[in-house]
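Below: one structure, written as structure tokens.
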Amino acid sequence: MPEGFLEQVINGLVMGSIYVLVALGLVLIYGVLHVLNFAHGVLFTVGAYVSYFLLMRVTGSYALAVVLSMAVLAVIGIALEHAVFRPLRGNLRNQVIASLGLILAIESTVVWIWGPNALQMKIPATQSIVALGELHFNVHLLIVIAVTLGVVAALSLFLKFTKVGTAIRATSQSAEAALVVGIPVERVHRFTFALSTALAALGGALLGPLFLVFPTMGNEPLVKGLAGIILGGMGSVPGAVIGGLVIGVAEALSTLYFPTDYRNSVAFMLIVIVLLARPQGLFGVRVRGED
Amino acid sequence: MSRLIAMAHGFWFVTLILTALALVAGGANAQQRVTIGIVTAMTGPLAAPGKFQLNGFRLAEEEINQAGGIAAGGTKHLVELKVYDTRGNAAEGASAMQRLASVDNVPVVLGEVLAGAAAAEAPIAQDNGLPFILTVSTAPNLTEQGNPFLFRVNAHNDHLTVALADFVAKQGWGPVAFIAWNNDTGRNGVNGMRKLLGPQKMGYVGYFNTGDVDFSSHVTNIRTSRAQAVMLLMDEEPGSLAIKQIRDAGLKAHLIGTLAMGSDRFLKRLDAAKLDGMVQYNAFPPNVEVPRIKNFAQRYKAKFGEEAHGFAAQSYDGLMVVAAAMKNAGTVNDRKKIRDALASIRHDGVIGAIQFDKTGQANPPVYVTQWCSDGRRRVIHPDSMKADCGAG
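Protein chains in written order, with our numbering: chain A, 495 to 785; chain B, -3 to 388.
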């Protein structure tokens, strides 16, 4: 395998991992509440800022800052579900508009608190280099891939083998039926939001040290995460994982053959090609009357 | 008792009226003011260069006002700046320029960081007969649009890269790879270097959009192209990210940068080892032993507590050129007369002599500086100013 190809695959897996974390959050909320939360990108940004604050001002430990930022964002997620999405339940249009409004409100708040300029989040893992033949990688790149794989595995086990996970799956299939068998659907909604925003925080906290922490850093992961769940199939957790990784790797590999300025359009070209062949996405289930 | 209270109220009322009259009378004797428009990026990915630009304007404003203001038409006019944050965005820039021209009714506008925004603002300035002075944007074609109201104080890309290309050719580096802005400045910069170096010296060329932070794909392509040198046509923020990613990936290629990468602030984003040997064009090496440069660098540091930057020096000169033009024109309001005065001005600025050619372009001196292993810089061009580490 040519060296450039291997290096681009690893580059793609890193960004793909970030897209996966965003896509998982989006797909959980979509699956359970049937709404696309467009504010997920800014929550990713808030996660990065909160972890930056906790690392630089409070704990001094990156791992602790990441875990605490996930907890903080989980609380924010519960608050948003309670204050914004629950009152608007049943009205998809208003929920989407509310999530768009949240983008402006949250982004302005971020700028108000931390200022408009990019912040540097220096941690030891970004200063350490690991060699793989002639290729050299920042250790944090490998941490991003490893943490994402761990999260995907843990989430799959959680959804499959725990009571709460089963309740989430049941609610996503039919909220009414879940209610009938005694599942507390409101609590499931709240928990799903918390889990989703915690995953966004994890994504932001992992990406921050690699590059910079800045107010619009969640935009690209949101767009690519959305592309990932469309590619993988709306509502499908395995689809979100594969979709995010495929987009990350495809856009990195595309730069070997096409000018780099076409990189961002690769995700959307892929979506068109896949949806032409499989309108329900790679892992989506075709539902009668939905297309 | 109630009469006493009424008398007391009357006393305070008369005092208030007299005070107001005194303030009005005092105001009549106060100096006049002239409001000058500024368009720059205060937020967004270009906030860093925008800050240097605004600092330059602020220092000039302070010094002009401390000296009593601009003497024009027999009156002294204190300067006030009306600043709009365009975020380097063309639509916001166009809107700000329209507002400055018609609502704020300023006689002159200065600024802009990004060429794309400047290109959108310049025609609006022209339509309103409003002189517009650029102090940072470097795309050569900005002053080639036949706009008689557009002037540029700073050197453009073609001027800046000549000495750099000469240096690169002498080193025998080739092929040279590029990572450049995906805009006029970036593409013109690459084309300019292609002309100067020759196509045979050109390696991988990759463009990135403003706000992009992941350069890993470019780094891989640079590695596979076996480039000996990489030119980074970008600002401070992406520049520091690109260099970190290049060095982290183990690439030993020589680094070539822009003037945004020749400051102590840039060093703080990285470290001396990553920058060692990097060369960049420069419009204002702040530590060089030239009185006008050294003097400005000291004043700048005293006010802002940091090393002076080329963008600040250029912007300082921009406002000083406007003040000189207003003085020569004998007016602070007549846009046409101020434009004509700008067209014929010769001003000794901190960046050097400023005189606009028929396209509105000035031709100040340019330098090439190089990072030393200890985190200081030295001047390597022009030959007459070559200096050792610490004087760049």
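Ideal Cβ placement from N, Cα and C applies to all residues, glycine included. Keep in mind that this is a model prediction, so the values were computed, not measured.
With 8 Å as the threshold, decide whether the Cβ of residue i is near any Cβ in chain A.
i: residue 387 of chain B; result: no
i: residue 229 of chain B; result: no
i: residue 149 of chain B; result: no
i: residue 107 of chain B; result: no
i: residue 335 of chain B; result: no
i: residue 18 of chain B; result: Confidence is the limiting factor: at residue 18 of chain B the pLDDT is only 46, short of 50, which leaves the residue's position unreliable and the question unanswerable from this model.
i: residue 305 of chain B; result: no
i: residue 203 of chain B; result: yes
i: residue 209 of chain B; result: yes
i: residue 216 of chain B; result: yes
i: residue 222 of chain B; result: no
i: residue 97 of chain B; result: no
i: residue 359 of chain B; result: no
i: residue 124 of chain B; result: no
i: residue 23 of chain B; result: For residue 23 of chain B, the predicted model reports a pLDDT of 44, less than 50, meaning its position is unreliable; a value from the coordinates is still stated below. It does not; no Cβ of chain A falls within 8 Å.
i: residue 42 of chain B; result: no
i: residue 371 of chain B; result: no
i: residue 244 of chain B; result: yes
i: residue 51 of chain B; result: no
Rounded to whole angstroms, how far is the Cβ of residue i from the Cβ of residue j, which I believe are closer than 8 Å?
i: residue 560 of chain A; j: residue 734 of chain A; result: With a Cβ gap of about 21 Å, residue 560 of chain A and residue 734 of chain A do not count as contacting.
i: residue 699 of chain A; j: residue 545 of chain A; result: 4 Å
i: residue 530 of chain A; j: residue 520 of chain A; result: 7 Å
i: residue 284 of chain B; j: residue 375 of chain B; result: 6 Å
i: residue 124 of chain B; j: residue 87 of chain B; result: Contact doesn't hold; Cβ gap of about 18 Å is too wide.
i: residue 631 of chain A; j: residue 623 of chain A; result: 7 Å
i: residue 777 of chain A; j: residue 736 of chain A; result: 7 Å
i: residue 181 of chain B; j: residue 153 of chain B; result: 7 Å
Which residues bound the beta strand (DSSP E) around residue i?
i: residue 31 of chain B; result: 28 to 36
i: residue 290 of chain B; result: Not the beta strand (DSSP E): residue 290 of chain B falls in the alpha helix (DSSP H), residues 287 to 300.
i: residue 71 of chain B; result: 71 to 81
i: residue 271 of chain B; result: Premise fails: residue 271 of chain B lies in the alpha helix (DSSP H), 268 to 271, not in any beta strand (DSSP E).
i: residue 568 of chain A; result: From DSSP, residue 568 of chain A is part of no beta strand (DSSP E) but of the alpha helix (DSSP H) over 556 to 574.
i: residue 534 of chain A; result: Run containing residue 534 of chain A: none in the beta strand (DSSP E); it sits in the alpha helix (DSSP H), 534 to 547.
Looking only at DSSP bridge pairs, what is residue i linked to?
i: residue 276 of chain B; result: B/253 and B/365
i: residue 105 of chain B; result: B/33 and B/128
i: residue 226 of chain B; result: B/173 and B/251
i: residue 357 of chain B; result: B/148
i: residue 623 of chain A; result: A/632
i: residue 68 of chain B; result: B/71
i: residue 202 of chain B; result: B/175
i: residue 343 of chain B; result: B/350
i: residue 375 of chain B; result: B/365
Which residues in the same chain as residue i place their Cβ atom closer than 6 Å to its Cβ, once the five residues preceding and following it in sequence are excluded?
i: residue 257 of chain B; result: 235 and 276
i: residue 512 of chain A; result: 697, 701 and 715
i: residue 615 of chain A; result: 546, 702, 703 and 707
i: residue 333 of chain B; result: 325 and 327
With 8 Å as the threshold, decide whether the Cβ of residue i is near any Cβ in chain B.
i: residue 623 of chain A; result: yes
i: residue 738 of chain A; result: no
i: residue 498 of chain A; result: yes
i: residue 615 of chain A; result: no
i: residue 502 of chain A; result: yes
i: residue 515 of chain A; result: no
i: residue 706 of chain A; result: yes
i: residue 605 of chain A; result: yes
i: residue 599 of chain A; result: no
i: residue 534 of chain A; result: no
i: residue 640 of chain A; result: no
In chain order, what residues of the same chain have a beta carbon less than 7 Å from the beta carbon of residue i, not counting five sequence neighbours either side?
i: residue 626 of chain A; result: none
i: residue 564 of chain A; result: 692, 695 and 696
i: residue 35 of chain B; result: 80, 82, 89, 92, 93, 105, 107, 108 and 117
i: residue 377 of chain B; result: 159, 163, 363 and 364
i: residue 665 of chain A; result: 526, 672, 677, 679 and 682
i: residue 56 of chain B; result: 312, 315 and 316
i: residue 198 of chain B; result: 171, 172 and 190
Taking residue i as part of the alpha helix (DSSP H), name the residues at either end of that continuous run.
i: residue 153 of chain B; result: 153 to 167
i: residue 756 of chain A; result: Here residue 756 of chain A belongs to no alpha helix (DSSP H), and DSSP marks it neither H nor E.
i: residue 313 of chain B; result: 306 to 325
i: residue 661 of chain A; result: 657 to 667
i: residue 687 of chain A; result: 679 to 704
i: residue 726 of chain A; result: 713 to 726
i: residue 214 of chain B; result: 212 to 220
i: residue 328 of chain B; result: Unbroken run through residue 328 of chain B: none, as it is neither H nor E.
Whose C-beta lies closer than 8 Å to the C-beta of residue i among residues of the same chain, with five residues either side of it excluded?
i: residue 747 of chain A; result: 499, 502, 503 and 506
Can you determine whether any heavy atom of the ligand NAD sits closer than 7 Å to the C-beta of residue i, and answer yes or no?
i: residue 220 of chain B; result: Only the bare structure without any ligand can be found here, which leaves the ligand NAD out of the picture.
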